[in-house]
Every structure is written in C-alpha cells, then in structure tokens.
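Working notes, structure below.
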Amino acid sequence: MKLYCDLHIHSALSPCGDDDMTPQNIVNMAKLKGLDAIAVTDHNSCENTAACVEAGKRIGLMVIPGMEIQTREDIHALCLFSSVDKALSFQDYVYKNMPEIKNKEELFGRQLILNSKDEYMGTCERMLLTSTLISFDDACYAVCNMGGAFIPAHIDRDGFSVITSLGFMPPNSNIKTVEYHTMEGLYRLIKMKLINGDYRLIKLSTFMYISRSDISPR
C-alpha cells in the first residue's frame, strides 16, 4: 500500500510556525495537496497534537502524533507515535527534562495552543526553542521503547543535525530512516561517506508558513 505523506509539519505552537498554522489550515492544505497522511511535529511539545488529529479525522486525513525534539547535543529528530496518549506521555518526559525558561514572545513569537476548530485555548509559557537535557541516544531509546519511530531530521543541514553536531551517524539499530533537506546536501554526505545505504531516506517539507503552501505535494 502506497501512501503520500509529509511527516515534518509545525503548527502555530512552534516558535518557527506562523500563527496561521492552525489545525484546520494544516489538514485542509494537506488535503488540497493530495496527501494521505501527515505528522504534526512541533518543537519539544505535543500541545496541539490532539486538535490536529481530530481536525484530520473530520476530513478523512490521517494525522500521526509527533514531536520534533531538540536533544542535549542540539540535534533535531522527529518522534512519531501510534496514539495521542503515547505522544503526550513522551511530552511529559520531555517537559521534565527541559530548562525552566519562559518564552519571550517579543523575540520568538507566540506559542499558540488551539482546539480542533482553530479556537484559541491559550499559549505555552515555556520556551520551546531550546535544547532539552535528553541525549540523542536516550531520546531514541525512549521513543522506540514506546513503539514509536525516531527519525534524525534534516541531516544535511549546517545546524541542528546529527552529523553537524556529532560529525557522524552513530550506530543505532533502532534508527531505520533519516530525513534530508536537499538532494545536493544528501549527495555531499554520500560523497563524504557520512551516510550509506543502511537507511531509508525521506525528504519532507518542514512546513511552517501556510502562505507559502510549501507542504510536500502528492
């Protein structure tokens, strides 16, 4: 069975996400692009996960609960789960291992919490755009122990990637898939022998601005 998916999407909860990245806007744009499934992966939080899943159900779109964690080593990784409850359980683990820093809206913007009808429910007060105290290996173990998928994000970027931070792909049998940003960047890593055929390679959108419509098309 072939599904067309985009597994790296940020809602208005993420500091990098536009305020228009509401649950209904996200799922409707995905539907317009012909996608079968998406994952909403906000930075270090799953506060909008349930709303996005519910909004997706109303229009027949699968929304996979997820998060983009920033590990202790400044590595971004997508964490995907089979249920909202598991995603929220992982969020509890992440919140317990984050610095207690309040978000500065004047610098980083609002971190909006919305319901499935795009109604304002509040804001997340803690700064989400920061590294957790969880190591890359521990994050991978925790996600996989919950039956989830752990996908190192944009491995070819100059910042917040596993290869940039560590200088190599650490051997880990739980990592089956990695995300790359551009073909040029991926070819560079292959040429440098920093990535090989052991992994499934996926290219996702990092969709964060509804006005750009840059979600991955079918």
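Residues in the sequence shown are numbered consecutively from 205, following the working numbering.
Backbone N, C-alpha and C define an ideal beta-carbon position, used for all residues, glycine too.
The model shown is predicted, which means the values in this text are computed figures rather than measured ones.
Limits of the beta strand (DSSP E) - the one that Gln274 falls within: 266-274
Cβ-Cβ distance between Ile355 and Leu282 below 7 Å: yes
Nearest neighbour of Tyr299, chosen from Gly389, Ala259, Leu332, His212 [CA to CA]: Leu332
Contained beta strand (DSSP E) runs [length at least 3] in the region 296-330, N- to C-terminal order: 316-318, 324-327
Whole-angstrom distance between Leu398 and Phe372, CA atom to CA atom: 6 Å
Separation of Gly326 from Leu217, as counted between CA atoms: 10 Å
DSSP three-state assignment for Leu393, whether helix, strand or coil: helix
Euclidean distance between Cα positions of Ser335 and Leu318: 24 Å
Reference Tyr297, options Phe364, Asp362, Leu316, Cys344, closest by Cα: Cys344
Cβ distance (whole Å) where Asp246 is taken to contact Glu272 below 8 Å: 7 Å
CB of Lys235 within 7 Å of CB of Ile263, strictly: yes
Those residues which DSSP pairs with Ala243 across a bridge: Ile268
Member of Lys321, Lys290, Thr275, Leu211 whose CA lies at the smallest distance from the CA of Ala486: With the chain represented from 205 up to 422, any question about residue 486 goes unanswered, as that position is not in the structure.
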